[in-house]
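> Residue numbers (this note's numbering): 12 to 168.
1) Mind reading off the beta-carbon distance from residue 96 to residue 58? Whole number of angstroms is fine, and I expect it under 8 Å.
2) For the alpha helix (DSSP H) that contains residue 91, what are its first and last residues?
3) Looking at the structure shown, is residue 46 part of a helix, part of a strand, or coil, going by DSSP?
4) Quick check on the burial criterion: 16 or more other C-beta atoms within 10 angstroms. Buried or exposed for residue 80?
5) Roughly how many angstroms separate the alpha carbons of residue 141 and residue 84, rounded to a whole number?
6) If you reduce the DSSP assignment to three classes, tell me which class residue 168 lands in.
7) Once the 5 residues before and after residue 29 are set aside, which same chain residues still bring their CB inside 7 Å of it?
8) For residue 31 and residue 76, what's the separation of their Cα atoms in angstroms?
9) Report buried or exposed for residue 148, applying the criterion of at least 16 other Cβ atoms within 10 angstroms of its Cβ.
10) For residue 131, name the three-state secondary structure that DSSP assigns.
11) Any idea if residue 115 is buried or exposed, counting beta-carbon neighbours within 10 angstroms, 16 or more meaning buried?
12) Using 8 Å for Cβ pairs, my map puts residue 36 next to residue 53. What's the rounded Cβ distance?
13) Pull up the CB-CB distance for residue 117 and residue 82, whole angstroms please, since I reckon it's below 8 Å.
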């Protein structure tokens, strides 16, 4: 049964279907909680859908302790830090990641997270410049929509 949910999760990721990804990856993780791939995928689905950031933080911290050299683990941890409003820590993590050789998907996710961080830090003009350079191929529509909305919001007067 785990293999079915894992495959459905992979398919949902490929189709960029966030709600299906969350549902399938959660079922796979519940069936195999000790499986590292299942934990990484479930955590990523929580982050993409911006659901339960505190839970995502617990898992990313655990994964980071076990796999500190895996860029996907570090990217997920940076996203969890951002979603938990721990901006200084997220900034340090993103700086570390920017120095690593990353694949195209990892680079797109890094740029997405950097763009969100810039907005959160009140550096919207820098965020807009980076936003123009984002490669949306690897991002979920929900992520693109969230970032667009964030960039359009006006600061409180």
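Every residue gets a Cβ at the ideal spot worked out from N, C-alpha and C, and that includes glycine.
Straight from the coordinates:
1) About 14 Å separates the two Cβ atoms, so there is no contact after all.
2) 82 to 94
3) coil
4) exposed
5) 23 Å
6) Because the pLDDT of residue 168 is 49, which lies under 50, any placement of that residue in the model is unreliable, and the question is left without a value.
7) 59, 60, 151 and 153
8) 28 Å
9) exposed
10) helix
11) exposed
12) 4 Å
13) 5 Å
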